[in-house]
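Peer 1: When you line the sequence shown up against my numbering, it's residues 5 to 136, in that order. Cβ atoms here follow ideal geometry from the backbone N, Cα and C, with glycine treated the same way. These numbers were taken from a predicted model, which means no experiment stands behind them.
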Amino acid sequence: MFGFQPKGLIILEKMILFLLFSTIITLLISCVVMILASLLSKKMIMDREKNSPFECGFDPKGSARLPFSLQFFLIAVIFLIFDVEITLILPLAYIIHMSNIFSWVMTGLMFLFILLFGLYYEWTQGALEWSE
Numbered sequence: 005m006f007g008f009q010p011k012g013l014i015i016l017e018k019m020i021l022f023l024l025f026s027t028i029i030t031l032l033i034s035c036v037v038m039i040l041a042s043l044l045s046k047k048m049i050m051d052r053e054k055n056s057p058f059e060c061g062f063d064p065k066g067s068a069r070l071p072f073s074l075q076f077f078l079i080a081v082i083f084l085i086f087d088v089e090i091t092l093i094l095p096l097a098y099i100i101h102m103s104n105i106f107s108w109v110m111t112g113l114m115f116l117f118i119l120l121f122g123l124y125y126e127w128t129q130g131a132l133e134w135s136e
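1) Tell me the DSSP secondary structure of Leu21 in three-state form.
2) The alpha helix (DSSP H) spanning Leu96 covers which residue range?
3) Closest by CA to Leu78, which one among Gln129, Ser34 and Ile90?
4) How many Å lie between Tyr124 and Ile118 at the Cα?
5) Mapping DSSP to helix, strand and coil, what is Ser34?
6) Taking the C-alpha atoms as reference points, what is the distance between Lys18 and Ile29?
7) Assuming Ile82 and Ala41 form a contact by the criterion Cβ under 8 Å, report the distance between their Cβ atoms to the nearest whole angstrom.
8) What is the rounded straight-line gap between the Cα of Leu16 and the Cα of Thr27?
9) Looking only at its chain, what residues have a beta carbon closer than 8 Å to the beta carbon of Leu96, apart from the 5 residues adjacent to it on each side?
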């Protein structure tokens, strides 16, 4: 009688142990792979000639670095964020018949409020203005 545990608790303990062991094994494998990669990489040999850019035996004409527009990068990141948010809002139309209409409306309005607040913040910070 003293050793009795509910079946749900036993299953929960097994799940926690499985997650713990799988996390430990994953971390060990990733650490071993990173250590092996650093030991076997060819970048450990530091040579001035090997690290310099090669252009048919001559010194390079110009810089290998091209200027990158930070404004373009910022617009691209903002686009990705809003694109992912659109993919998260589309299932709301699918689950309208599966849930309470009040909770559906509140979820949609809260999500849109957060989306519009982010847009307003980006706008006030000037991230959406394309300056020369």
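Peer 2: Based on what the coordinates show:
1) helix
2) Pro95 to Tyr98
3) Gln129
4) 10 Å
5) helix
6) 16 Å
7) Not a contact, Cβ separation roughly 34 Å.
8) 16 Å
9) Trp108, Thr111, Gly112 and Phe115
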